Amino acid sequence: MSETRAAAEKKAYDFREIEARWLPFWEQNGTFTVDQSDPRPKKYVCDMFPYPSGDLHMGHAEAFAIGDVPARYWRLRGYNVLHPIGWDSFGLPAENAAIKNNAHPAEWTYNNIETQAASFKRYAISADWSRRLHTSDPIYYRWTQWLFLQFYKQGLAYRKDSPVNWCPSCQTVLANEQVVGEGVCERCGTAVIKKALNQWYFKITDYADRLLDDMKDLEGTWPERVLAMQRNWIGRSTGASVRYTVEAADSDGARELEVFTTRPDTLYGVTFMVVAADADLALELVTDAQRAELEAYREKLGSVSEIERQSADRERTGVFLGRWAVHPLTGERIPVWASDYVLADYGTGAVMGVPAHDQRDLEFALAMGIPVNVVVDTGEKNPAETGTATAGDGVAVNSPKWDGLSKTEAIAKSIEILEAEGLGESKVNYRLRDWLLSRQRFWGAPIPIIHCAACGEVPVPEDQLPVQLPTDLRGEQLAPKGKSPLAGAEEWVNVTCPACGGPGTRDTDTMDTFVDSSWYYIRYIDPTNESQVFPTEQVNQWLPVDQYVGGVEHAILHLLYSRFFTKVLYDLGLVNFTEPFKALMNQGQVLNGGKAMSKSLGNGVNLGEQLDHFGVDAVRLTMVFASPPEDDVDWADVSPGGSAKFLARAWRLAQDVTSERGVDPAAGSSALRAVTHRTISEAQQLLDDQKYNVVVARVMELVNAARKEIDTGAGGSDPAVREAVEVIAQILSLVAPYTAEDMWAMLGHEASVANSTWPAFDEALLVEDTVTAVVQVKGKLRDKLEVPADISAEDLEAQALALPKIQKYVEEGGGVRKVIVRAPKLVNVVTG
10 MSETRAAAEK KAYDFREIEA RWLPFWEQNG TFTVDQSDPR PKKYVCDMFP YPSGDLHMGH
70 AEAFAIGDVP ARYWRLRGYN VLHPIGWDSF GLPAENAAIK NNAHPAEWTY NNIETQAASF
130 KRYAISADWS RRLHTSDPIY YRWTQWLFLQ FYKQGLAYRK DSPVNWCPSC QTVLANEQVV
190 GEGVCERCGT AVIKKALNQW YFKITDYADR LLDDMKDLEG TWPERVLAMQ RNWIGRSTGA
250 SVRYTVEAAD SDGARELEVF TTRPDTLYGV TFMVVAADAD LALELVTDAQ RAELEAYREK
310 LGSVSEIERQ SADRERTGVF LGRWAVHPLT GERIPVWASD YVLADYGTGA VMGVPAHDQR
370 DLEFALAMGI PVNVVVDTGE KNPAETGTAT AGDGVAVNSP KWDGLSKTEA IAKSIEILEA
430 EGLGESKVNY RLRDWLLSRQ RFWGAPIPII HCAACGEVPV PEDQLPVQLP TDLRGEQLAP
490 KGKSPLAGAE EWVNVTCPAC GGPGTRDTDT MDTFVDSSWY YIRYIDPTNE SQVFPTEQVN
550 QWLPVDQYVG GVEHAILHLL YSRFFTKVLY DLGLVNFTEP FKALMNQGQV LNGGKAMSKS
610 LGNGVNLGEQ LDHFGVDAVR LTMVFASPPE DDVDWADVSP GGSAKFLARA WRLAQDVTSE
670 RGVDPAAGSS ALRAVTHRTI SEAQQLLDDQ KYNVVVARVM ELVNAARKEI DTGAGGSDPA
730 VREAVEVIAQ ILSLVAPYTA EDMWAMLGHE ASVANSTWPA FDEALLVEDT VTAVVQVKGK
790 LRDKLEVPAD ISAEDLEAQA LALPKIQKYV EEGGGVRKVI VRAPKLVNVV TG
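Just so you know, we're using the working numbering here: the sequence shown kicks off at 10 and counts up by one.
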C-alpha cells in the first residue's frame with residue numbers, strides 16, 4: 010500500500026481513479042465474504058432484493074446506501090456480518106418483454122441481472138457475492154415447489170372455485186392485496202374485474218391470530234405505521250354469529266342463514282337481509298320469478314371492482330330475491346335482498362341490514378323503501394329524516410330485552426340471550442382472506458401438482474423436483490389468452506400419473522412471485538444447497554434477520570406473507586423462530602421537485618449519469634445526508650456536487666498527515682482530541698438510533714476541526730491530527746467507502762478499513778471545559794460567548810447583558826423586558 014499512498018499524494022482527488030483502484034481490491038480479497046466458522050457474534054443485514062427491470066435507479070441508490078450503513082458499522086463493531094444480495098427474477102415484465110421481442114423471458118431477465126450486478130458492485134455495497142441467488146433459477150424454485158408441497162400436506166395449500174380479481178390486461182388473477190387505488194391492478198393500472206375461476210390458495214387465515222398477536226414482539230423495532238397497516242389488513246373484530254331462518258320458496262325448503270355482526274346490540278333494528286350479489290348463496294336463495302333479474306344484475310357486476318362497490322359515493326342498487334327471513338327475536342318476516350355493497354368473501358356473504366345505525370344500510374333502505382327502526386339513542390335526529398345513520402354508542406332503545414343498557418352492556422346481554430336460546434354465539438371475524446397464489450402466466454414457479462382422472466390431485470414426487478419450465482416457448486406463444494401459456498405446451502403438460510401410472514396433466518398455473526420472496530432471506534444462508542431447502546442449524550444461528558431494509562409499499566404483501574411463511578416453517582420444525590425480521594427500516598422515496606420520478610412526468614434522474622459525473626461516494630453520501638432514512642429525498646434540493654467537494658476536502662486531510670502509525674495521540678492537541686472523541690461517542694449513539702444523516706454532519710464538523718488544526722496548529726505532524734483523520738476514514742467508510750479506503754491506505758494501513766475496528770472513545774475527553782453560548786435579542790442571533798460548561802444561569806445572564814453588541818440592541822429595542830436563560834448554551838433577551 011505504500012506505493013499507492015505515494016502515488017495518491019502527488020495527485021488531486023480523482024474519484025474515477027480511486028474507484029478503479031479499490032473495486033478490484035475488494036473483489037480479489039473477498040473483503041465481504043462471510044466465513045461461517047468465524048467465532049465472532051453474528052449479525053444479519055438484508056435488503057429487500059431488487060427486480061431486474063433494467064439498470065439500477067435512484068430508488069435503489071437510496072435504499073442500498075442506507076442498508077449498507079448498519080452492515081458496515083456492525084463489521085467495525087466486531088460482528089461477523091452477513092449482507093447478501095440476490096434477485097426477485099420471476100414476474101410479468103420479463104414475460105411481456107419476451108412477447109414483444111420474440112424471446113424467452115430468461116434472456117431478458119438474466120441480461121438485466123448482469124447489468125444490475127455490475128452496477129451494484131460499482132456502487133460498493135458490502136455484499137457477500139458468494140451467496141447470490143435468483144428466484145428464477147431451477148435450483149431455487151425447486152425448493153419453492155418443495156415448500157408448496159409441505160404446505161399442501163398440512164392442508165395449507167388448496168384449490169377452490171370462487172370469484173377472483175381478474176386483470177384484463179395482464180390476463181391473470183390478482184390477490185386482494187394486489188388491487189390498489191380505485192380498484193386497479195398494481196402492475197399495469199387496468200381496472201380489475203371479478204371472474205369465477207378454480208384457483209390455488211394458501212390458508213393464511215389459519216394464522217390470523219398469531220400474525221396479529223405476535224406483532225407485540227415487533228413494537229419498537231418495526232415502524233408503527235407498518236404494524237398498524239398489518240393490523241388493519243388482518244382486521245380482527247369480535248361480535249356474534251346470528252342464525253336466521255329463511256322461509257321455503259319454490260322447490261327449496263326452509264333453510265338456516267348465519268350472519269356475523271359486530272353490533273348484536275342492534276338486532277331489534279334489523280329490517281332486511283342482504284346477500285352479496287356475486288355469491289353462490291344469492292343463486293341458491295333467489296326464486297324462479299326473480300332469477301333473470303338477479304343474473305342480469307350479476308353480469309353488470311363483473312366489471313365493477315371491490316373498491317368501487319365499497320365506495321361511500323356509490324348509488325345503492327340491488328335485487329329482491331323473492332325470499333323472506335324470520336327475525337330470531339321478534340318472529341317478524343324481513344325481506345332478503347342481493348346487492349353489490351356486500352362482498353362474497355366477507356363472513357358468510359350475507360349481512361343483516363340495520364339502516365338506522367349503518368350508513369350503507371341506510372342508503373340502501375331509503376333507496377328500496379325499507380323501514381328504518383332506531384334502536385340506539387345517541388341524541389341525534391332520526392336517520393330516516395336526516396339521511397345520516399347514527400353509528401355512535403348511545404343507549405339501547407326499542408330493544409325489549411336490553412333497553413336502557415349502554416353499548417358494551419347491550420352487546421354482552423344480546424350474546425348471552427342468543428346463546429341461551431340457541432340463536433347464535435360469540436364469534437371472532439377477520440378481514441384477512443386466504444392468499445390466492447395461482448397465476449395464469451408463464452414466468453413463475455410451476456405448481457407441482459398432477460391432475461389425474463382416477464386419483465385427483467397428485468403431488469409431484471419430491472425426487473422429481475424441480476418441475477422445470479419449458480425452454481422452447483417464446484414470443485407470441487407466451488401471449489396471455491385467459492389461461493396459462495403453459496396449457497399450450499402439450500409435451501410438457503401431458504405426463505404419467507405418479508400414483509396410478511395412468512394419463513395425467515400438469516397443473517398449468519404458476520405461483521405468485523410473492524411466494525418466491527417469502528423465504529429468500531432464509532435461502533441466502535446456503536443458496537447452492539441441492540440436498541435440502543436450507544440447513545436448519547445454520548439458519549437458526551443467523552436468523553431472524555437483525556436489520557431488514559426496504560420500502561413501506563411492501564408493508565402488507567411481502568412482509569405479511571414472509572411472517573406467515575416463517576410461522577409455518579416453525580410449525581414444520583424447520584426453524585426455531587416465529588418472526589423473520591427483528592428490526593425493519595423503511596427508506597423514503599427519491600423525488601424530484603416534490604414529485605415521484607417518472608418518465609411520463611419527464612422528471613427522472615439517471616443514476617448512471619450521476620455516478621459518472623459526481624462519483625459513487627458523492628451520490629451515496631448525498632442520499633444518506635439528505636434526511637433521516639425514513640424520509641423522502643428530493644433530488645432537486647440536494648447537492649451531490651457539494652458532497653464531492655466535501656469528500657475531496659476529507660481526502661486531502663490524509664495526504665497532510667505526516668506522523669507515523671502508532672504514535673501516541675495524547676501528545677497532540679487536546680482541543681482536537683476532544684472533538685474527535687465526542688464525534689466517536691455521538692456517532693456511535695446516532696448509528697444505534699439510525700440517525701445516519703446526523704452522523705455525516707458530525708464527521709463534517711470533525712473534518713473542519715482537523716483542517717483548522719493542520720492549518721493553524723502543529724500541522725500534519727500533530728499526533729491528534731492522525732487520530733482525527735483515522736476516525737474520519739473509519740466513519741466515512743460507512744457511506745463513502747472508496748474515499749475512506751484510499752484515506753486509510755494513505756495513512757499507512759495495509760488491510761481494508763472495512764476490517765478495522767470501531768474506534769474507542771475516552772470518557773475523560775468528553776467532558777467539555779467550555780462551551781459556546783448563543784446570545785439572542787428577540788430570537789435573533791446577535792453575539793456569542795465562550796463560557797465554562799458549569800456556568801450558572803445568573804452569571805451567564807450577567808455576562809450576556811454586559812456585551813457591547815447586546816447593550817446596543819437592548820437600547821434600540823426600548824430596554825430589557827425579559828431574559829430567558831438556558832445555561833450554558835443560550836440567552837434570549839426580550840426587549841420593548
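In this text, a Cβ means the ideal position worked out from N, Cα and C, and glycines have one as well.
Please read all numbers here as calculations on a predicted model, not as lab measurements.
Whole-angstrom distance between residue j and residue i, CA atom to CA atom
{"i": "Ala136", "j": "Leu91", "result": "8 Å"}
{"i": "Val404", "j": "Leu220", "result": "35 Å"}
{"i": "Lys834", "j": "Gly822", "result": "23 Å"}
{"i": "Thr40", "j": "Arg245", "result": "48 Å"}
{"i": "Ala16", "j": "Gly725", "result": "Confidence at Ala16 is low in this model, with a pLDDT of 45, below 50, so the placement of that residue should be treated as unreliable; the coordinate-derived value is given next. Cα-Cα distance, rounded: 18 Å."}
{"i": "Thr13", "j": "Met755", "result": "Only weak support is given to the placement of Thr13: the predicted model assigns it a pLDDT of 46, under 50, and the value that follows is read from those uncertain coordinates. Straight-line Cα distance between these residues: approximately 7 Å."}
{"i": "Asn207", "j": "Asp580", "result": "28 Å"}
{"i": "Ser678", "j": "Ser636", "result": "33 Å"}
{"i": "Pro479", "j": "Ala498", "result": "8 Å"}
{"i": "Leu445", "j": "Ile213", "result": "10 Å"}
{"i": "Lys390", "j": "Val335", "result": "29 Å"}
{"i": "Leu414", "j": "Tyr210", "result": "44 Å"}
{"i": "Leu158", "j": "Glu750", "result": "48 Å"}
{"i": "Val182", "j": "Asp386", "result": "45 Å"}
{"i": "Val384", "j": "Thr280", "result": "12 Å"}
{"i": "Trp843", "j": "Asn38", "result": "Beyond the ends of the chain as shown, which are 10 and 841, falls residue 843; an answer cannot be given."}
{"i": "Asp402", "j": "Ala365", "result": "13 Å"}
{"i": "Pro59", "j": "Ala126", "result": "11 Å"}
{"i": "Gly582", "j": "Pro536", "result": "20 Å"}
{"i": "Gly278", "j": "Tyr167", "result": "39 Å"}
{"i": "Ala257", "j": "Asp218", "result": "38 Å"}
{"i": "Trp138", "j": "Arg572", "result": "26 Å"}
{"i": "Glu372", "j": "Met606", "result": "41 Å"}
{"i": "Glu18", "j": "Gly190", "result": "Note on Glu18: pLDDT 49, under 50, position unreliable in the model; no value is reported."}
{"i": "Thr124", "j": "Ser62", "result": "10 Å"}
{"i": "Ala745", "j": "Phe634", "result": "11 Å"}
Closer than 7 Å: residue i CB and nearest the ligand HEM heavy atom
{"i": "Arg831", "result": "You won't find the ligand HEM in this model; it holds no ligand whatsoever."}
Same chain, Cβ closer than 8 Å to residue i, neighbours up to 5 away in sequence not counted
{"i": "Ser11", "result": "The predicted position of Ser11 is uncertain, since its pLDDT is 44 and thus under 50; no value can be drawn from it."}
{"i": "Leu552", "result": "Tyr53, Tyr530, Ile531, Ile534, Val584, Phe586 and Pro589"}
Residue range of the unbroken alpha helix (DSSP H) whose run includes residue i
{"i": "Gly76", "result": "Met67 to Leu85"}
{"i": "Pro147", "result": "Pro147 to Lys162"}
{"i": "Glu471", "result": "Taken as a continuous stretch (DSSP letters only), Glu471 belongs to no alpha helix (DSSP H), as it is neither H nor E."}
{"i": "Leu427", "result": "Lys416 to Ala429"}
{"i": "Pro392", "result": "Pro392 to Thr395"}
Unbroken beta strand (DSSP E) run spanning residue i, endpoints
{"i": "Ser171", "result": "Ala166 to Cys176"}
{"i": "Trp231", "result": "Where Trp231 is concerned, there is no enclosing beta strand (DSSP E), given that its DSSP letter is neither H nor E."}
{"i": "Trp96", "result": "Pro93 to Trp96"}
{"i": "His563", "result": "From DSSP, His563 is part of no beta strand (DSSP E); its letter is neither H nor E."}
Candidates the options, of which the one nearest residue i by Cα
{"i": "Leu711", "options": "Val783, Thr685, Lys700 and Arg731", "result": "Thr685"}
{"i": "Tyr350", "options": "Glu324, Leu790 and Thr517", "result": "Glu324"}
{"i": "Glu803", "options": "Ile829, Gly327 and Val780", "result": "Ile829"}
{"i": "Val705", "options": "Ser540, Gln785 and Val736", "result": "Val736"}
{"i": "Met520", "options": "Tyr150, Thr42 and Gly68", "result": "Tyr150"}
{"i": "Asn407", "options": "Ala398, Gly396 and Ala419", "result": "Ala419"}
{"i": "Pro48", "options": "Gly164, Gly63 and Gly87", "result": "Gly87"}
{"i": "Gln180", "options": "Asn713, Gly164, Leu352 and Gly198", "result": "Gly198"}
{"i": "Ile202", "options": "Arg307, Trp152, Gly164 and Arg300", "result": "Arg307"}
{"i": "Lys109", "options": "Pro489, Ala676 and Trp333", "result": "Pro489"}
{"i": "Arg515", "options": "Val504, Cys509 and Phe523", "result": "Val504"}
Contact set for residue i: own chain, Cβ-Cβ below 7 Å, skip 5 residues either direction
{"i": "Ala103", "result": "Pro114, Trp117, Thr118 and Trp452"}
Contact set for residue i: own chain, Cβ-Cβ below 6 Å, skip 5 residues either direction
{"i": "Arg670", "result": "Gly757"}
Inspect the CB distances between the stretch 235 to 251 and the stretch 264 to 281 and report whether three or more fall short of 8 Å.
Touching, yes, given that three or more Cβ pairs across the two stretches are closer than 8 Å.
How do the stretch 191 to 210 and the stretch 462 to 478 stand: do at least 3 beta-carbon pairs fall below 8 Å, yes or no?
no
With contact counted as at least three CB pairs below 8 Å, one residue from each stretch, are the stretch 139 to 146 and the stretch 173 to 193 in contact?
no
Taking 8 Å as the cut-off, does the stretch 597 to 616 touch the stretch 650 to 663 (at least 3 CB pairs, one atom from each stretch)?
no
Counting Cβ pairs, one atom from each stretch, are 3 or more of them under 8 Å apart for the stretch 582 to 597 and the stretch 61 to 79?
yes
Does the contact criterion of 3 or more C-beta pairs under 8 Å hold for the stretch 369 to 376 versus the stretch 229 to 242?
no
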